[in-house]
Structures are given as structure tokens and as C-alpha cells.
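Down below is the structure, laid out as C-alpha cells.
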Amino acid sequence: MMMVAAMLEAAVVDKRIPDNPARGVRMPRAAAPAVDGDEIPTPGEVDLIAAHIAPQYRLTIYLQSGTGQRPSEALAFSVESRRPGFVRIRWQVSAQAHRADCRAVFVPLKYRSEGEYRDVPTAPFVDQEIDSHLSRWEPVPVVFTGRRGKRRRLDVFFAPRPRGKGAMPTACTYGYHFKKACRSAGLVDADGEAKYTPGSLRHFFASTALAHGVPIHEVSRWMGHRSVKTTIDIYGHLVPRAWHRCRATLQDAMRPGPLGAAGQSPDGTAGCLPASRTGADTLDAALSRSG
43 MMMVAAMLEA
53 AVVDKRIPDN
63 PARGVRMPRA
73 AAPAVDGDEI
83 PTPGEVDLIA
93 AHIAPQYRLT
103 IYLQSGTGQR
113 PSEALAFSVE
123 SRRPGFVRIR
133 WQVSAQAHRA
143 DCRAVFVPLK
153 YRSEGEYRDV
163 PTAPFVDQEI
173 DSHLSRWEPV
183 PVVFTGRRGK
193 RRRLDVFFAP
203 RPRGKGAMPT
213 ACTYGYHFKK
223 ACRSAGLVDA
233 DGEAKYTPGS
243 LRHFFASTAL
253 AHGVPIHEVS
263 RWMGHRSVKT
273 TIDIYGHLVP
283 RAWHRCRATL
293 QDAMRPGPLG
303 AAGQSPDGTA
313 GCLPASRTGA
323 DTLDAALSRS
333 G
């Protein structure tokens, strides 16, 4: 459609047609594809990736799987991000951060303006991993220019250190380390390529939370999605069905008393689909051994 609109606009400029009928027409946004359950690692596989990635990046695995951060957001994790019982996600690493002439090393979050942020609760194992990281590496101050021209400073966890290459890690360069960790851990497909991507860790966070009844609108906000529709499109099929719970609630409201054995859903089940394989434990319990 965009190509057609461009061709019609060119025809208007060349005076071949008086007006562009496609001007101002907005195409509906395509629904995000539902996540495949095979794209979601198990708790044990999350730990395995963390054990095989370069030590300085171990924390990123748990920031993504434990708080749903995107790779670029995890790489921008700073002292100001950590709060009592939650993390405040305000910045992400720019895709151009590795360039020497890049002034805006950190940029606003996806779909957000500068200054906007989201807060995500942290399970104890995430705090333990943060403490473990800080016991080995001190945060590094990085000064940058925001989009509004204001000079800012962040004491970040994954900035280059004197003995390093001097380039700020980006989501692209991080992807290399992640794939290498998957191959080292034996998490590969039939072609020997990495079985998972960094995005798989966000899927783990969302699917585990939803499988245990965390409201999808809360998960949507924590994931930083533009709207809850995106979350429903991607993860809606992982939410346990509430057929029997709905019947019981309405019955109790109108005719209090035992519901009986008639609480079957059309497919013959009790109205609750099996939890996804990532939902065997809560985030806290499943990964508590990682500390």
C-alpha cells in the first residue's frame, strides 16, 4: 500500500492525475504473531544460558527473564534503575552507541518519549543477581546528551571498562554473546544454531506471569507494550481459561450454593488449560537456585 501511495503521489507531482486518493489513508496495524511455546525456555534453560554467557553479562539474562526487559533496556541498566522491590526502566542503549561519534548513547524507551518510564516488580532472585554483579563490577559513569539537548549522567552496569574495547555494547553486539552462550550450553536447533534469542527471555517472563494468574493488563504495562492488544495477540493463548471460574462466580452471585459437577467447558475439561511448560514454578521459586 505504501508503494501504491508513493506512485500515486508521484503521478500528482507529474500532473498526470489531479489528486492522490491514497493520501491520508491509514492501513490497519497487523496483529503481532502469537508466541510459539517452543520459543520459550524452561527455568533450567534460563539458568543454563546465564551460566554460559560471558560473566559480565550474566545479570542481563535475569533482568530480561525476571523483569521482562528488552536487550537494549537491560544493557542500559543503571544505579538509578534499582529501587526497593522493583526496577525503574527509563532508558535503552542506542543502536548507534558503539560509534565514537554517538552523543545519544542512551535513548528513550520504545514507543515512549524522553522522561517516560515503567516500573516492574523484582523477585528476590533478581535482587540477588544484582548484588552478585555489583560485588564484582562497579558501575561506570557515562555522560550523554538527551534528545532535548540536556546533558545527563548514568552510572551503568554494562559500560565498557578500561581493559575493554571501549565501545558501548548494543543489542546487536549483545546478540553475538547470547547466541554463543546458547551454543556453548548445547541449546541448539537441528542446524546447530542457537535455539533461543534474547527475546525468548521476555517470552519467559510474560508466559510465567500469565500462567500463574497475573492480570494481563499488568503484564502488558511491565513489558512496555504500546497497548494491551499487543500483549493479548502475543500471549493471550497462554492465559489459563476461566470457564469454570466464571460459572462459579455468577452462580454464587445469583444463587449461592454448591455449583455441582456441571462445570465442564465445551471441550470437556474443567475450564482451565494446562499451564505452559514455563509455568511450572513462579518466577521467584523457579529461579531461586540461581542466586
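The opening position of the sequence shown corresponds to residue 43 in the numbering used here, with each subsequent residue numbered one higher. All residues carry an ideal CB built from backbone N, CA and C; glycine is no exception. All values reported here derive from a predicted model rather than from experimental measurement.
A straight-line Cα-Cα distance of about 19 Å links ARG244 and ALA137. If you draw a straight line from the Cα of PRO211 to the Cα of VAL281, it comes to about 35 Å. Counted as a single uninterrupted DSSP element, the alpha helix (DSSP H) harbouring GLN170 occupies residues 166 to 176. VAL77 sits buried, since 16 or more C-beta atoms from the chains shown fall within 10 Å of its C-beta. If you look at TRP179, you'll find it isn't in any alpha helix (DSSP H); DSSP assigns it neither H nor E. For the pair ARG193 and THR102, the Cα-to-Cα distance works out to about 26 Å.
The Cβ-Cβ distance between SER120 and PHE220 does not fall below 8 Å. LYS237 counts as buried, since no fewer than 16 other beta carbons sit within 10 angstroms of its beta carbon. For PHE148, the secondary structure class from DSSP, reduced to helix, strand or coil, is strand. Only residues of its own chain outside the window of five on either side were considered, and among them VAL162, ARG244, PHE247, ALA248, TRP264 and MET265 have a CB closer than 7 Å to the CB of GLY110, listed in chain order. TRP285 and GLU81 have their alpha carbons spaced roughly 27 Å apart. Here the alpha carbons of ARG195 and ARG189 stand approximately 14 Å from one another.
In chain order, LEU101 and TYR104 place their CB closer than 6 Å to the CB of GLU171, counting only its own chain and leaving out the 5 sequence neighbours on each side.
Contact annotation, PRO113 with ALA213: C-beta distance approximately 4 Å; criterion of less than 8 Å satisfied. Excluding its 5 nearest sequence neighbours in each direction, VAL168 has C-beta neighbours in its own chain below 8 Å: TYR104, LEU105, GLY108, THR109 and VAL129, listed in chain order.
Looking at VAL185, TRP179, HIS94 and LEU229, the one whose alpha-carbon comes closest to that of VAL147 is VAL185. Taking 8 Å as the cut-off, the Cβ atoms of ARG268 and TYR153 count as close. In this structure, THR273 places its C-beta atom within 8 Å of the C-beta atom of VAL261. Distance between VAL46 and ILE59, taken at the CA atoms: about 14 Å. Within the same chain, and ignoring the five residues on either side of VAL54 in sequence, the residues whose Cβ sits closer than 8 Å to its Cβ are PRO60, ASP61 and ASN62. Taking 8 Å as the cut-off, the Cβ atoms of ALA223 and ILE95 count as close. Following the DSSP letters along the chain, one finds VAL129 inside the beta strand (DSSP E) bounded by residues 128 to 131. For the options TYR99, LEU117, ARG287 and ARG125, the alpha carbon positioned closest to that of GLY255 is the one of ARG287. In the structure shown, the three-state DSSP call for PRO113 is helix. The segment 233 to 277 contains, as complete alpha helix (DSSP H) runs of 4+ residues, the segments 240 to 253, 258 to 265 and 270 to 277 (chain order). In the three-state DSSP reduction, GLN134 falls in the strand class (E or B). Assigned with DSSP and collapsed to three states, PRO97 falls in helix. For LEU292, there is no enclosing beta strand (DSSP E); the enclosing alpha helix (DSSP H) has its first and last residue at 285 to 296. ASP231 sits in coil when the DSSP states are folded into three classes, being neither helix nor strand.
Between GLY191 and GLU180, the alpha-carbon positions lie close to 28 Å from each other.
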